[in-house]
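Working notes, structure below.
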Amino acid sequence: DSGVTQTPKHLITATGQRVTLRCSPRSGDLSVYWYQQSLDQGLQFLIQYYNGEERAKGNILERFSAQQFPDLHSELNLSSLELGDSALYFCASSEAIGQGGSGNTIYFGEGSWLTVV
Amino acid sequence: AQSVTQLDSQVPVFEEAPVELRCNYSSSVSVYLFWYVQYPNQGLQLLLKYLSGSTLVKGINGFEAEFNKSQTSFHLRKPSVHISDTAEYFCAVSDIAGGSYIPTFGRGTSLIVHP
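Residue numbers (this note's numbering), protein chains in the order written: chain A, 317 to 433; chain B, 60 to 174.
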């Protein structure tokens, strides 16, 4: 158990709909990352938040957005869903950014399986 | 931006045989290197990491990896595999110089251990 909790574990929804994926980081971790894993694209970095503020953006579509709340949990919002958005969405967390020695190791949750039909 | 190449998409091996999973990354001055394992229907679990110091890194479950800066490689090895090692293995690189520390992942190598 990594200590990163993601809900829901599985989600089936129709095209055009909107869903929210939730993540609770490990206790004490300030940084949250979202990744998308699909067969054709592999593991793609979407976005990172650090202590409530957006820190870095990867290959995140404009239809997707995220936020990190004061209690450090994070939500990934996916809207106008398309069939191609079907994937496993991972949340990960780490202690800090740029702190020497820790290597900024990130710990992954078990993912949220999204199926768009 | 960093890129990571895992040269083998699938590696079949017999139980108790040695195995090497290969990983190469694009050149950078300073990097952190990681191997993660993903068992079926689970998240990614950290196997081992290289931050600095000794180029031979030992991880969990008997795995080890060697950092080779001149060849920009970080191959994962295990002297004797078990059926339970069957899983997907991901190599990842964090670019320290860029300051983001965000890991870039390879496409993964599926290790299949046969009895």
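All C-beta atoms in this analysis are idealised placements derived from N, C-alpha and C, irrespective of residue type, glycine included.
Predicted model, so just to flag it, every value in this text is computed and none were measured.
Residues that residue i contacts on chain B, provided the C-beta gap is smaller than 9 angstroms
| i | result |
| --- | --- |
| S318 (chain A) | G102, L103, Q104, L105 |
| T321 (chain A) | Those within 9 angstroms of T321 (chain A) in chain B number zero; the least Cβ separation is about 11 angstroms. |
| G358 (chain A) | F149, F164, G165, R166, G167 |
| F361 (chain A) | I161, P162, T163, F164 |
Proximal residues to residue i (C-beta, below 8 angstroms), its chain only, five neighbours per side dropped
| i | result |
| --- | --- |
| G417 (chain A) | For G417 (chain A), the pLDDT reaches just 47, beneath the cut-off of 50, and the residue's location in the model is therefore unreliable, although a value from the coordinates is still provided. Taken in chain order, the list of residues that qualify is empty. |
| T321 (chain A) | C339, S340, G425 |
| R371 (chain A) | S347, Q364, Y365, I413 |
| E369 (chain A) | Q384 |
Residue i: contacting residues in chain B (beta-carbon distance under 7 angstroms)
| i | result |
| --- | --- |
| Q364 (chain A) | I161 |
| T329 (chain A) | Within 7 angstroms Cβ-Cβ: nothing; T329 (chain A) doesn't reach chain B, min ~20 angstroms. |
| I376 (chain A) | Near I376 (chain A) there are no residues of chain B at all, since even the closest Cβ is about 13 angstroms away, more than 7 angstroms. |
| E426 (chain A) | Q101, G102 |
| Y405 (chain A) | What Y405 (chain A) touches in chain B: nothing, since even the nearest Cβ is about 11 angstroms away. |
Alpha-carbon to alpha-carbon, residue j and residue i
| i | j | result |
| --- | --- | --- |
| L115 (chain B) | V72 (chain B) | 23 angstroms |
| P99 (chain B) | A146 (chain B) | 7 angstroms |
| Q415 (chain A) | K128 (chain B) | With a pLDDT of only 44 at Q415 (chain A), under the threshold of 50, the placement of this residue in the model should not be trusted, and no figure is reported. |
| C150 (chain B) | S396 (chain A) | 32 angstroms |
| V433 (chain A) | G427 (chain A) | 19 angstroms |
| T262 (chain A) | G112 (chain B) | In the structure as shown, chain A begins at 317 and stops at 433. Residue 262 (chain A) is therefore absent and cannot be evaluated. |
| L110 (chain B) | L359 (chain A) | 22 angstroms |
| L388 (chain A) | D317 (chain A) | 19 angstroms |
Contacts around residue i, its chain only, beta-carbon distance under 6 angstroms, and the 5 residues preceding and following it disregarded
| i | result |
| --- | --- |
| V78 (chain B) | V72, K137, V140 |
| K108 (chain B) | F93 |
| L392 (chain A) | L337, W350, A382 |
| S169 (chain B) | Q69, E147 |
Partners in chain A for residue i, counting only beta-carbon separations shorter than 9 angstroms
| i | result |
| --- | --- |
| R81 (chain B) | Near R81 (chain B) there are no residues of chain A at all, since even the closest Cβ is about 16 angstroms away, more than 9 angstroms. |
| F73 (chain B) | Within chain A, no residue comes near F73 (chain B); the closest Cβ sits about 27 angstroms away, beyond 9 angstroms. |
Beta-carbon proximity list for residue i, same chain, < 7 angstroms, skipping 5 on both sides
| i | result |
| --- | --- |
| P174 (chain B) | E74, I142 |
| L105 (chain B) | F93, Y95 |
| D401 (chain A) | L394, L430, V432 |
| V63 (chain B) | C82, Y84, C150, A151, V152, T163, F164, G165 |
Under 8 angstroms by beta carbon: chain B residues contacting residue i
| i | result |
| --- | --- |
| T421 (chain A) | F93, L105, K108 |
Using a Cβ cut-off of 8 angstroms, which residues of the segment 110 to 122 of chain B contact any Cβ in chain A, in chain order? L110
If you measure beta-carbon to beta-carbon, which residues of the segment 120 to 141 of chain B are closer than 9 angstroms to chain A? none
Unbroken beta strand (DSSP E) runs of length 3 or more, entirely within the segment 339 to 384 of chain A: which are they? 347 to 354, 358 to 366, 369 to 373, 380 to 384
Secondary structure, beta strand (DSSP E): runs of 3+ residues fully inside the segment 62 to 135 of chain B: 69 to 73, 78 to 80, 90 to 97, 103 to 109, 115 to 117, 123 to 127
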